[in-house]
Every structure is written in structure tokens, then in C-alpha cells.
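S.K.: The following block contains the structure, expressed as C-alpha cells.
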Amino acid sequence: MNTVNNAPQRHSSSVPNVLSTLSQTFGKMNQYPFLKWVMLIIGLPVYVISFIIYLIKRKDDAYQRLWRELHQACTEAGLKEKLITKHIEQQWRKQTFFQQKIDELKMKQVAEKRAEDEFLQVVEDKVQEELAQRGDDQLTFASIMRSLLEHPVFVVLTFIPGLLFYILLFLYMNPYIKYIFERLVSTLFVIVGVAFFVFTILYISPFDPAANILGVTATKEQIATFNQIYGLDQPYWIQLWQAIQGIFTFDLGASFAGNENVVDAIARKIPITLLLTFIALILAIVIAIPIGIISATRSNTFLDYTLMFVALIGLSIPNFWQGLIFILTFSIELQWLPATFTPGNLLSIIMPAVVLGTGLMASIARMTRSSTLEVIHEDYIITARAKGLNERRILWRHAFGNALIPIITVIGLMFGGMLGGAAVTEKVFNISGIGSYIVDKQFIPDIPAIMGGVVYIAITISLVNLLIDILYAFIDPRIRSKMKQY
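Residue 0 is where the sequence shown starts when you use numbering that gives the first Met the number 0, and the numbers rise one by one after that.
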């Protein structure tokens, strides 16, 4: 019976706790100028209602009432006249000492201004001292907002007009959701920045899409018609706005060459590039991390030198040369694997994935060795060995987890390079992916196709980096604690 009776009480008490957290979150966000202006813009109805309540309560505010009383008391006591006399005497002595010409009118004006500032400061100090003795606080708009956000009635009445405002507050209540939300917002700025720079470079490039597509025999009327059809005769800012708008609405129009829908073309070509990249990434992780750990645990041995020498070779081999050697060896000589990629044939993706992942494999192996070597010489590892813990347990439970942060960083950075560098591998193995698609379009230049390919690759890289940053928090408790304090 007690459990049943107490359940509603716990449920009802959770509402004030949520509202109290909501109020505290508003106070923290209000300290940052950018967030302060964002909240004001999206929560303008809430701010207007709160400001009206603030004006009403301000009339009976203890601070305002006490300030008026002490201001009047100090004025009646002749404090301002005393301060004016003091400042006039100070200026007179100063000018007399330096033998300066005495201008009584200017001296009086300066003294009155300084006396007024000092008089107001004296009144303010007295007010604050009196409030501190009474245990009262000064009424401010921010304090009114915080107190109103703790009242369920106010939140319910202003929830619909201030929906975006409350959504932002609820997002910032959880440190992890807040972190993800901020990274997504920053991703939007990255996308816009990438679109701006790519479009600007294409716009100022010396290539003429109309002349390249129509050929040297095209007349001026044909070139003008082509530019009019694709909007190339419009001003720079209009074309830029249309390009950015098309990226976010998934409507980039038709490509200059072939007149195919750009978004549909990218949707057909980007999956194979992502599949190739992820297979290469998994192969690199599965092979490189054990090699790096083995090399670190047997540092300065023949095995260590051999493995790191092989990794150095992997970093030095160009993708196109490695791909051609693989085709000559495994396709033509041994006839084990297909020379070109065929959709549906899993064997045909093995060589491209290995070629693409070779550089990443070598980088991960070298970083794993370096990071593991740094960790296994830390004091807490030496202490664990002194306690008699098993070497394997020390390595995997204590050392490897702390060595993962730089390894994950390298994986995240190299993933973007793999997506961008997949074009060479795709060309060698005849893969119709997004990399080769962008390369084919850039010499026209086919602005919608290039914009779509580059920007959507940037979106993919940004999302992967967001995932990498989230993994940091799960791996390192120090990062989790900083996220909660932020």
C-alpha cells in the first residue's frame, strides 16, 4: 500500500525538479552572448511576457524602493555638495601645484560630473550593503525569467508560442544531447562554408561550361541560350543562393553534361564509395591495431623493425601503382580475383578495398604502436605490474583503453582522406563511384554535379567526425566530466 501511495508523490515531485533544471539551464545559457541572442530571437513571445511581468514587479522591488530612499537621504544630507567641494579643492590644488591657468567654470563642470558619479556609486554601495543585511537580491530580468520558468502554469501558457525556445532549453539540459546538437549546428556552418568555397572556385575558374559542352563550333547565340537555360547568366550571389538552397532541399537540378538529375546520380554512386571505404576501414582496423600492439609490446626487436618497415612501405606506395600491380598479379597472372569491379560480385571489391585501406592500415599501425608505447610506461601501468596483475589484463584493460584516443583521431582524419582519395582507386578498378563522378565532371566544369558530390561527401565526413567525438566521451571518463561541466 505504501508503494502505491508514494508512486504519485514521486511522479508529481519530478515536475518541479525538471522545471528547476530548466531554470538552471537558462541561467547557464544566458551567460554566453551568442546563445543569449539565439534564445531572444526564437523565444521572443516568452521574453515579451516575462518583460511585462518584470515591469509590474519592478514597481514593488525592494532594490528600487531602497535605492530611492537612500538616494533621497544622501541628497538631504548634502553628500553631493560635499563631494563637489572636495573635487573642486582637489583640482585647485593640482592646478596650483603645476602652475596651470585656473578656469573656474570648467573646474566646476568637471567637479560636478565626478561628484555625480561618486554620489551614485556611494548610493549603490549602501543599497547593496543593506540588501545583503536583509538577505534580499536585486530584481533583474534574468532572475524573473528563471523564477518564471520554475512555475508550471507559466511554462504551460507559453509553451506553444515559445516552442523553439523550450526545445532548445530541453536539448541543453542533457550534456550529451547538447554536445551532439552543437556539433550538428556546426556541421551546418561547415556545409555552407564548403558550398561557398567550392562554388566560388568554380565560378571564377577559366573554364566555360557552355563552350566545353557545345564545342568550338557553337555560336554566340547557342552559348547564350545554354547559359540562360542553366542560369549561368545570372549574378554571382543569385547563383550561389540557388546552389546552397538546392543542397538543403535535395534539388540541385540537372547536370550540364547528360542532363541527368544530380541528386539521383549522386544517390546511385555514393553507396558504392561508402561501401568500399567502410570495408577498407574495417580491414585496416582489424589488421593494423593488433600489429601495432604486437610491435609496441616487442619494441626494438627484429619483429618490431620488420612490422614498422612494412608499414612505412604501405605509406609510401601510391594507390594507382599498387592497384595496377594487384591487377597484374592477382587477376592476370594468378587469375584469383576479377580485374574490375562488378556489382553483386563480392570478390571484385577485395582488391579495391585493400588498395584503398593500405595507407590507413599503415597509419593506424604506427599510431597504435606509438600510443601504446607511451601508455605502457605510465606510472599506473608500473603499479599494476607491481601488484602482480596478468600482463594480458594490464595491456587490454588498463593500457589499450587509454591508448585509443589518438588511434580514433587518426581513423577519423584518414576516413575523410579515403573518401576524397577514392577517385584514383575507383578509376583503376572501373568503379562508378562518387569520386570518379566528381573527377569526370570537374573539367567541364559541371557546377551542380561537382557541388552536390563535394558537399554530400563533406556531410558524410562531418557525421563520421561527430561519431568519433562521441566515442571519445565513452572511452575517456575525463572527457565525460568536462562535457557535464560545460
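Ideal Cβ positions, reconstructed from N, Cα and C, are used throughout, including at glycine.
These figures come from a predicted structure and were not determined experimentally.
1) Pick from GLY252, ILE278, ASN260 and THR367: whose alpha carbon is nearest that of MET307?
2) Helix or strand or just coil, what does DSSP make of ASN260?
3) For ALA209, which residues of its own chain have a beta-carbon under 6 Å away from its beta-carbon, when the five flanking residues on both sides are left out?
4) Mark VAL126 as exposed unless 16 or more other C-beta atoms lie within 10 angstroms of its C-beta, in which case mark it buried.
5) By a C-beta neighbour count over all protein chains shown, 10 Å radius and 16 as the cutoff for buried, is PHE365 buried or exposed?
6) Within 10 Å of its beta-carbon, does ASP263 have 16 or more other beta-carbons around it, so buried, or fewer, so exposed?
7) Leaving aside the five residues before and after THR186 along the sequence, list all residues of the same chain whose C-beta is less than 8 Å from its C-beta, in chain order.
8) Roughly how many angstroms lie between the CA atoms of PHE442 and VAL354, to the nearest whole one?
9) Please go through the same chain and pick out, in chain order, the residues whose beta-carbon is closer than 8 Å to the beta-carbon of LEU78, but skip the five residues on each side of it.
10) Just checking, does the stretch 391 to 404 make contact with the stretch 316 to 324 on the three C-beta pairs under 8 Å criterion?
11) Do you know how far the Cα of ARG297 is from the Cα of LEU327?
12) Rounded to whole angstroms, what's the CA-CA distance from ASN260 to PHE180? Just pull it up for me.
13) In whole angstroms, give me the CA-to-CA distance for LEU231 and GLY434.
14) With a 10 Å radius around its C-beta and 16 neighbouring C-beta atoms as the bar for buried, classify ILE312 as buried or exposed.
15) Kindly indicate which three-state DSSP category ALA141 falls into: helix, strand or coil?
16) State yes or no: is the C-beta of LEU418 within less than 9 Å of the C-beta of THR276?
17) Buried or exposed: which applies to GLY257, given that a residue is buried once 16 or more other Cβ atoms fall within 10 Å of its Cβ?
18) With contact counted as at least three CB pairs below 8 Å, one residue from each stretch, are the stretch 149 to 164 and the stretch 34 to 45 in contact?
19) Decide if HIS376 is buried, meaning its Cβ has at least 16 other Cβ atoms within 10 Å, or exposed.
20) Taking only three categories from DSSP, how would you classify ALA338?
21) For ASN5, does the three-state DSSP call read helix, strand or coil?
22) Work out the CA separation of ILE449 and LEU428 for me, nearest whole Å.
23) Would you identify the three-state DSSP class for ALA209, choosing helix, strand or coil?
24) So who's on the other strand from ALA110, going by DSSP bridges?
25) Please report the distance separating the alpha-carbon of VAL488 from that of LEU280.
26) With a 10 Å radius around its C-beta and 16 neighbouring C-beta atoms as the bar for buried, classify TYR455 as buried or exposed.
27) The ligand HEM and TYR165: does the residue's C-beta get closer than 8 Å to at least one heavy atom of that ligand?
28) Where do the ends of the alpha helix (DSSP H) carrying HIS86 lie?
29) With C-beta atoms as the reference, is ALA253 less than 9 Å away from PRO447?
30) Going straight from the alpha carbon of THR272 to that of GLU425, what length do you get?
31) Go ahead and label VAL215 buried or exposed: buried means 16 or more other beta carbons lie within 10 angstroms of its beta carbon, across all protein chains shown.
32) Can you give me the start and stop residues for the alpha helix (DSSP H) that ALA398 sits inside?
33) Indicate the three-state DSSP secondary structure (helix, strand or coil) for ALA217 in the structure shown.
34) Could you please give the first and the last residue of the uninterrupted alpha helix (DSSP H) stretch that includes PHE180?
35) By DSSP's criteria, ALA253 is part of a beta bridge. Which residues make up the other side?
36) Have a look at ASN4 and PRO15 and give me their C-alpha separation to the nearest angstrom.
M.R.: This is what the structure holds:
1) Checking every option, the nearest Cα to that of MET307 belongs to THR367.
2) If DSSP states are grouped into helix, strand and coil, ASN260 belongs with the strands.
3) Excluding sequence neighbours, ALA209 sits near ILE222, PHE225 and ASN226.
4) Answer is buried; the Cβ neighbour count reaches 16.
5) The residue you asked about is not Phe; residue 365 is Arg in the sequence shown. Buried, because 16 or more other Cβ atoms sit within 10 Å of the Cβ of ARG365.
6) ASP263 should be labelled exposed.
7) Around THR186: ILE458, SER461, LEU462 and LEU465.
8) Separation of PHE442 and VAL354 (C-alpha to C-alpha, rounded to the nearest whole angstrom) is 26 Å.
9) Around LEU78: PHE118 and VAL121.
10) The answer is no - the stretch 316 to 324 does not touch the stretch 391 to 404, with fewer than three Cβ pairs under 8 Å.
11) A direct Cα-to-Cα measurement between LEU327 and ARG297 gives close to 36 Å.
12) In this structure, the CA atom of ASN260 is about 32 Å from the CA atom of PHE180.
13) Rounded to the nearest angstrom, the two C-alpha atoms are 25 Å apart.
14) When all chains shown are included, ILE312 counts as exposed.
15) Three-state result, ALA141: helix.
16) Closer than 9 Å, so yes.
17) With fewer than 16 other Cβ atoms within 10 Å, it is exposed.
18) In short, these stretches touch, since the Cβ pair count reaches three.
19) Exposed is the call here.
20) Reduced to three states, the DSSP call for ALA338 is coil.
21) Unreliable positioning characterises ASN5 in this predicted model, as indicated by a pLDDT of 46, which lies under 50. A coordinate reading is not provided.
22) The sequence shown places Phe at residue 428, rather than the Leu named in the question. Approximately 22 Å between the Cα atoms of the pair.
23) Residue state for ALA209 is assigned as helix, using DSSP reduced to three classes.
24) Under DSSP, ALA110 takes part in no beta bridge, so it has no partner.
25) Outside the shown range of the chain (0 to 485) lies residue 488, about which nothing can therefore be said.
26) TYR455 sits buried, since 16 or more C-beta atoms from the chains shown fall within 10 Å of its C-beta.
27) Within the structure as shown, the ligand HEM is missing, as the structure has no ligands at all.
28) Its alpha helix (DSSP H) spans residues 78 to 96.
29) In this structure, ALA253 sits near PRO447, with a CB-CB distance shorter than 9 Å.
30) Spanning the two alpha carbons is a distance of roughly 8 Å.
31) By the beta-carbon neighbour count (other beta carbons within 10 angstroms, threshold 16), VAL215 is exposed.
32) DSSP places ALA398 in no alpha helix (DSSP H); its state is neither H nor E.
33) If DSSP states are grouped into helix, strand and coil, ALA217 belongs with coil.
34) Boundaries of the alpha helix (DSSP H) around PHE180: 174 to 203.
35) DSSP lists ASN260 as the beta-bridge partner residues of ALA253.
36) In this prediction, ASN4 has a pLDDT of 47, which is less than 50 and means its spatial position is unreliable; what the coordinates show is noted afterwards. Rounded to the nearest angstrom, the gap between the Cα atoms of ASN4 and PRO15 is 19 Å.
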